[in-house]
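In my numbering, the protein residues as written are 134 to 247. Below is one structure, written out as structure tokens, with a few remarks after it.
Structure representation (structure tokens):
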């Protein structure tokens with residue numbers, strides 16, 4: 134499934150420039166890094182008066198890879214099911230195994246984010 138398009142009004146089409154000395158630049162970069170944000174996102178939140186988002190949780194690369202494999206397998210089974218209109222007992226069993234793998238991966242991701 135493709136990522137939804139960003140509405141035109143939400144796209145950032147303009148660039149602004151600000152003059153900083155070395156200590157100011159380092160301080161802003163350090164504050165942005167402490168929150169896990171790009172400098173531009175941090176500066177937007179501060180200048181526009183919104184609360185900077187909290188630090189983003191780290192992503193477990195192994196869990197993401199496992200989830201990608203599960204998604205790929207699920208897409209293959211769905212393609213066969215959509216083409217033929219039915220699923221075999223083997224395919225249904227594979228779906229059960231995928232369901233269990235999804236549950237394990239979701240739990241692992243939940244633990245990583247807790």
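Quick reminder that beta carbons are idealized off the backbone N, C-alpha and C, glycines included.
Through-space distance from residue j to residue i, alpha-carbon basis
i, j, result
"residue 184", "residue 163", "17 Å"
"residue 180", "residue 155", "20 Å"
"residue 199", "residue 231", "11 Å"
"residue 234", "residue 149", "47 Å"
"residue 157", "residue 143", "29 Å"
"residue 165", "residue 239", "29 Å"
"residue 160", "residue 216", "58 Å"
"residue 212", "residue 219", "11 Å"
"residue 152", "residue 177", "16 Å"
"residue 245", "residue 147", "37 Å"
"residue 214", "residue 140", "34 Å"
Nearest to residue i (by Cα), restricted to the options the options
i, options, result
"residue 173", "245, 195, 218 and 145", "145"
"residue 243", "211, 197 and 213", "197"
"residue 241", "195, 222 and 212", "195"
"residue 223", "170, 210 and 138", "210"
Would the region 197 to 207 and the region 220 to 238 be scored as touching if the rule is three or more Cβ pairs under 8 Å?
Between the region 197 to 207 and the region 220 to 238, the count of Cβ pairs shorter than 8 Å is three or higher; the stretches touch.
Runs of alpha helix (DSSP H) lying entirely within the region 164 to 218, each at least 4 residues, in chain order
Considered as a whole, the region 164 to 218 harbours 172 to 180 and 194 to 217 as its complete alpha helix (DSSP H) runs of no fewer than 4 residues, in chain order.
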